[in-house]
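Number of protein chains: 2
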Amino acid sequence: MLRLYDFLPSGNGYKVRLLLHQLAIPFERIELDIMRGETRTQEFLAKNPNGRIPLLELADGTCLAESNAILWYLAEGTPFLPTDRLARAHVLQWMFFEQYSHEPNIATSRFWLTHLELTEERRAGLAQKRPLGHAALAVMESHLATRDYFIGAYSIADVALYAYTHVAPEGGFDLSSYPAINAWLGRVRAQPRHIPITHG
Amino acid sequence: MLRLYDFLPSGNGYKVRLLLHQLAIPFERIELDIMRGETRTQEFLAKNPNGRIPLLELADGTCLAESNAILWYLAEGTPFLPTDRLARAHVLQWMFFEQYSHEPNIATSRFWLTHLELTEERRAGLAQKRPLGHAALAVMESHLATRDYFIGAYSIADVALYAYTHVAPEGGFDLSSYPAINAWLGRVRAQPRHIPITHG
Chain A
669 MLRLYDFLPS GNGYKVRLLL HQLAIPFERI ELDIMRGETR TQEFLAKNPN GRIPLLELAD
729 GTCLAESNAI LWYLAEGTPF LPTDRLARAH VLQWMFFEQY SHEPNIATSR FWLTHLELTE
789 ERRAGLAQKR PLGHAALAVM ESHLATRDYF IGAYSIADVA LYAYTHVAPE GGFDLSSYPA
849 INAWLGRVRA QPRHIPITHG
Chain B
669 MLRLYDFLPS GNGYKVRLLL HQLAIPFERI ELDIMRGETR TQEFLAKNPN GRIPLLELAD
729 GTCLAESNAI LWYLAEGTPF LPTDRLARAH VLQWMFFEQY SHEPNIATSR FWLTHLELTE
789 ERRAGLAQKR PLGHAALAVM ESHLATRDYF IGAYSIADVA LYAYTHVAPE GGFDLSSYPA
849 INAWLGRVRA QPRHIPITHG
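The listed protein sequences correspond, in order, to chains A and B.
Mapping of the first sequence onto my numbering: residues 669 to 868, in sequence order.
Mapping of the second sequence onto my numbering: residues 669 to 868, in sequence order.
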């Protein structure tokens, strides 16, 4: 059986949980408390030298890290990943956008505000991340203004971007001025076998 | 003909240039000076709303953004991208690692040191990025200690990670204590049709 090393509040972990659930693939979930250093033990670093969740462990012990690489692996051959070469590259474009322009601003702000002490340094960091996060949301808003999903039909690009967008208010990002994003969030939530981020 | 919107000092642009050259695919290169706002014009934002190079424009005008998504698109069906499902996912794992754990620390430090004024805020930012960049290099070093390339044979995972690793000293990262990385840099440089980052 697949084994997922995870941390329940993590949007990166949630992406994988959500897709596994939507694909009806059974898996064993191992909760690691990143606040207590459980991803930095010798045992875990032997599985992922980068010391991060989510990590997918296959039945033979092979490990795969990076949430969006895991999504790609699981979605291959399913309706969650198109077969057309250019459409697949656009799925990847949005997943790299998510990890580079979206997550480091929106997810990191949420993590600081919900899990860490608000030091002066982090307060300054939040102020820097605010406009960058809104810039990423503006790119999404303009793209979704004329589309139901990022790439034609619902795909892992939507799974990847939904994870931290729907909890962006927890990072101090007010979504009320993004109507296309809000409509898209509703469409994603209405997909068959959707689960909330609190579902382990 | 393919058109590549590019900025010569950019490692992200270099990745695409290098692969196009190694695949012997002809392309037209359009240099945009990001220091003069040339990626933030209305004309360019219509092609890439995220306002970044590299951007690949296909013959029919379709655009593809994000350096690693472009690599994937170009490498499909070539020896630069394996066919095995798990090996492909590991290529993606390393490319997401590059964009999340490596580039924001090593490439950004290099950009600040070579292109921007060293303000007090940036000096503090450099100090924060230093240990994070070395952590990424340490992950690479341990992986390469027992391997010639990231995934068996030379692939776009190596192209993606070579781009900013070989110029890491320009970002203040001394590579002398990473023997496996240095040996790998030499193997990548020795690949057929290799070009340096200064080659447009």
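Don't be surprised by glycine CBs; every beta carbon is placed ideally from N, CA and C.
What you are looking at is a predicted structure, and each value in this text was computed from that prediction instead of being measured.
When rounded, the separation of the alpha-carbon atoms in V684 (chain B) and S735 (chain B) is 7 Å. With respect to the C-alpha of T776 (chain A), the residue from A:L742, A:A836, A:P717, A:F748 having the closest C-alpha is A:A836. One finds nothing in chain B with a Cβ atom closer than 8 Å to the Cβ of P847 (chain A); even the nearest lies about 17 Å away.
Comparing C-alpha distances from M808 (chain B) to each of B:A792, B:R720, B:D826 shows the shortest one belongs to B:D826. By the CB criterion at 7 Å, Y741 (chain B) and L749 (chain B) fall outside the cutoff. Here the segment 752 to 767 of chain B makes no contact with the segment 710 to 721 of chain B; the two share fewer than three CB pairs at distances below 8 Å. Contact annotation: I774 (chain B) and Y682 (chain B) have beta-carbon atoms that are not nearer than 7 Å. Chain order gives the chain B residues near F765 (chain A) as N718, A733, E734, where near means a beta carbon separation below 8 Å.
Residue contact with chain B for V684 (chain A): absent (no Cβ-Cβ distance below 7 Å to any residue of chain B). Within the segment 718 to 748 of chain B, the complete alpha helix (DSSP H) segments at least 4 residues long are 735 to 743, listed from N- to C-terminus. Excluding sequence positions up to five before and after A821 (chain B), its CB lies within less than 8 Å of the CB of P747, P750, all in the same chain and listed in chain order. Its Cα nearest to that of I693 (chain A), the residue A:A743 stands out among A:A743, A:A851, A:M703. Contact between D674 (chain A) and I738 (chain A) is ruled out by a C-beta separation of about 11 Å, above the 8 Å threshold. For a Cβ distance threshold of 7 Å, nothing in chain B lies close to W852 (chain A): the least Cβ distance comes to about 16 Å. The beta carbon of Q710 (chain A) sits no closer than 7 Å to any beta carbon of chain B. Under the three-state reduction of DSSP, E699 (chain B) is assigned to strand. Contact between G839 (chain A) and L781 (chain A) holds: their C-beta atoms lie close to 6 Å from each other, under 8 Å. Your pair W762 (chain A) and L829 (chain A) checks out as a contact, with CB atoms roughly 6 Å apart and the cut at 8 Å. Of all residues in the segment 823 to 836 of chain B, none places a beta-carbon less than 9 Å from a beta-carbon of chain A.
Sixteen is the threshold: since fewer than 16 other Cβ atoms of the shown chains lie within 10 Å of the Cβ of G854 (chain A), the residue is exposed. Excluding the 5 residues flanking it on each side, H834 (chain A) has same chain C-beta neighbours closer than 6 Å at L853, in chain order. A residue is called buried once 16 or more other Cβ atoms fall within 10 Å of its Cβ, and I863 (chain A), having fewer, is exposed. Not a single CB atom of chain A sits nearer than 7 Å to the CB of W780 (chain B). Neighbours of P772 (chain B) in chain A, taken as residues whose beta carbon is under 7 Å from its own, are P772 in chain order. Under the three-state reduction of DSSP output, Y846 (chain B) falls in the coil class, being neither helix nor strand. For L805 (chain A), the nearest beta carbon of chain B is not closer than 7 Å to its own beta carbon.
For E744 (chain B), the closest Cβ of chain A is nearer than 7 Å. If you keep only unbroken alpha helix (DSSP H) runs of at least 4 residues inside the segment 781 to 866 of chain B, you get 788 to 812, 824 to 833, 847 to 857.
With contacts defined as CB atoms closer than 7 Å, L676 (chain A) and G868 (chain A) qualify as a contacting pair. Interface criterion met: the Cβ of L760 (chain B) is under 7 Å from a Cβ in chain A.
Excluding its 5 nearest sequence neighbours in each direction, E766 (chain B) has C-beta neighbours in its own chain below 6 Å: A828, L829, listed in chain order. The CB of H811 (chain A) comes closer than 8 Å to the CB of P717 in chain B, given here in chain order. When rounded, the separation of the alpha-carbon atoms in A804 (chain A) and I819 (chain A) is 17 Å. In the displayed model, L760 (chain B) falls within a helix according to three-state DSSP. One alpha carbon belongs to E785 (chain B), the other to S678 (chain B), and they sit about 18 Å apart. In the displayed model, L754 (chain B) falls within a helix according to three-state DSSP.
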